[in-house]
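Chemist: Position 27 of the sequence shown, counted from 1, bears residue number 30 in my numbering, the numbering being contiguous throughout.
Before I ask anything, here is the structure I am working with.
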Amino acid sequence: MAVLCDDVRQEASGKQTVIGMYVGGITVEIPESERDGVRPHGIVVNLWMPFQIPEAGLATIEVKVIGPDPSIELSFSAEMLFEEAPPDHEQSSVTFQKLPIKVDKEGDLKILFKNAGDSEWQTLKNIPVKINSPKQATIPAAKIVSCKSVDNEGK
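Structure, rendered in structure tokens:
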């Protein structure tokens, strides 16, 4: 799982708040007069990735962001040191901040991931990028129409 967003904030309680999450796509407004291929355009985003903590020791992950022009690739990695083995199913996350993404054409933004030493990349997310669409392509949010409490016996 990967979340592309505008910001990730660490709360005093230890919780993380993801702000401005891109759900169905990204729309970049570029005036027609500036779409000349000479002036660069882009966005700056954060990439938040939850993961299961491995055994104690050093864990290194590698990430690639490709596109929307497939010839443009941004690669980076993170080394994380876990001093002791975590309890079962312990979760953590890593945030890559202020990633500059060049956007001069429409296409898919692909986020790939692998553990250091692995030979194959896993696709975490494909995000469509549109230029000058009238509104952002989003998945409609669900609206809760009723909510009811259930006790331990299903009543």
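Think of the CB as a built atom: it goes at the ideal place given N, C-alpha and C, for glycine as much as any other residue.
For clarity, every value in this text was computed on a predicted model and none was experimentally measured.
1. Kindly indicate which residue of Asn49, Leu61, Met24 has the alpha-carbon position closest to the one of Ala119.
2. If you measure between the beta carbons of Phe116 and Val68, is that distance less than 7 Å?
3. One question on the structure: do Met52 and Val97 come within less than 7 Å of each other, judged by their Cβ atoms?
4. Using DSSP bridges, identify the partner residues of Ser96.
5. Can you give the beta carbon distance from Pro103 to Gly45, rounded, assuming they're within the 8 Å contact cut?
6. So, for Ile134: in the same chain, excluding its five sequence neighbours on each side, which residues have a beta-carbon less than 6 Å away from its beta-carbon?
7. Give the straight-line distance between the Cα atoms of Arg12 and Val6, rounded to the nearest whole angstrom.
8. Provide the residue span of the beta strand (DSSP E) that contains Glu76, from first to last.
9. Output needed for Ser74: all residues of its chain with C-beta closer than 8 Å, excluding positions within five of it in sequence on either side, in chain order.
10. What separation, rounded to the nearest whole angstrom, lies between the Cα atoms of Ser16 and Leu84?
11. Smallest Cα separation from Asp72: which of Pro43, Ser80, Phe79?
12. Taking C-beta to C-beta, are Lys128 and Ile114 nearer than 7 Å?
Modeler: Result, derived from the coordinates:
1. The shortest Cα separation from Ala119 among Asn49, Leu61, Met24 belongs to Leu61.
2. The beta carbons of Phe116 and Val68 sit no closer together than 7 Å.
3. Cβ distance < 7 Å, so Met52 and Val97 count as in contact.
4. According to DSSP, which records beta bridges pairwise, Ser96 is partnered with Pro53.
5. The C-beta distance from Pro103 to Gly45 rounds to 6 Å, short enough to meet the 8 Å contact threshold.
6. Counting only Cβ-Cβ distances below 6 Å, and skipping sequence neighbours, we find Val31, Ile33, Glu109.
7. Taking the straight line joining both Cα atoms gives about 14 Å.
8. For Glu76, the uninterrupted beta strand (DSSP E) segment begins and ends at 76-85.
9. So no residue of the chain qualifies.
10. If you draw a straight line from the Cα of Ser16 to the Cα of Leu84, it comes to about 22 Å.
11. Selected option, being the one with the closest Cα: Pro43.
12. With contacts defined as CB atoms closer than 7 Å, Lys128 and Ile114 qualify as a contacting pair.
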